[in-house]
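**Student:** Numbering-wise, the sequence shown is residues 1 to 192 according to full-length UniProt numbering. Glycine is no exception: its CB is placed at the ideal position from the N, C-alpha and C atoms.
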Amino acid sequence: MDEQNEFEQDFRDEFTEGAFFSESDMSYYILEAAYAVDSMQDITSLKFSENVAEEIGKYHFSTLHLAFDFYMKYSKSKGFSARKSKTFKNSSGEIYRQMFVCHRQGFRMEKYYTMEKRKKEPRLETRTGCKARMDVKFVPKSGRWHIFYFSDEHNHDLLDTQFSAMLPAHRKMSEADIMQMMNMLKSGISTS
Numbered sequence: 001m002d003e004q005n006e007f008e009q010d011f012r013d014e015f016t017e018g019a020f021f022s023e024s025d026m027s028y029y030i031l032e033a034a035y036a037v038d039s040m041q042d043i044t045s046l047k048f049s050e051n052v053a054e055e056i057g058k059y060h061f062s063t064l065h066l067a068f069d070f071y072m073k074y075s076k077s078k079g080f081s082a083r084k085s086k087t088f089k090n091s092s093g094e095i096y097r098q099m100f101v102c103h104r105q106g107f108r109m110e111k112y113y114t115m116e117k118r119k120k121e122p123r124l125e126t127r128t129g130c131k132a133r134m135d136v137k138f139v140p141k142s143g144r145w146h147i148f149y150f151s152d153e154h155n156h157d158l159l160d161t162q163f164s165a166m167l168p169a170h171r172k173m174s175e176a177d178i179m180q181m182m183n184m185l186k187s188g189i190s191t192s
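Next comes the structure, spelled out in structure tokens:
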């Protein structure tokens, strides 16, 4: 069994509540242009409220960066925040697989609770061991990043979508919003 398949089998054993997508699923969806994500405009036009796990698994991306932007937009629409987690590299050092997880995935390391020379009180724990995640994998045949695993099972409350913009990862203005604000200022229109 090669190194890549060992990692996949380990994760299948560890996480069973999500949806895995096989190589045959990935090759079938290559031809579906409706699920191709090649730019930020493709991401902004998506309606995530209608998508379910099987639908999400059909998307494929031209770059790893677009895959992360896709999951960030999905997380914002559902009321949580996302972050990058583990990466897997091949023998030549190129990333062939990346995990994106809920911001509450995992737990803080024990050593941060037992530090002897701590000057400040530890911050409140924000991690709950959430299992929600999306794994993307590079498929050389298509030259694209495909969703390999998707789970939307959270063990914490999600925010209303009107408040999800307050999460630290979503407190950024898009370039379009910045341009509109600058144009308003140039025209003498107040932005506050």
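(1) What is the DSSP secondary structure of Q105, counted as helix, strand or coil?
(2) Where does the unbroken alpha helix (DSSP H) through A82 begin, and where does it stop?
(3) Let's see if you can read the secondary structure: which residues bound the alpha helix (DSSP H) around K78?
(4) Pick helix, strand or coil for A165, following the three-state DSSP scheme.
(5) How far does the beta strand (DSSP E) with S151 in it extend, from its first residue to its last?
(6) Do the CB positions of M173 and D135 come within less than 7 angstroms of each other?
(7) Can you give the Cα-Cα distance for G143 and Y96, rounded to whole angstroms?
(8) Using CA coordinates, which residue listed in Y112, F107, Y113 and R83 is at the minimum distance from T126?
(9) Drop a sphere of 10 angstroms on the beta-carbon of Y71, count the other beta-carbons inside from all chains shown, and report buried for 16 or more, exposed for fewer.
**Tutor:** Let's see:
(1) coil
(2) From DSSP, A82 is part of no alpha helix (DSSP H) but of the beta strand (DSSP E) over A82 to K89.
(3) L64 to K78
(4) helix
(5) R144 to S151
(6) no
(7) 11 angstroms
(8) F107
(9) buried
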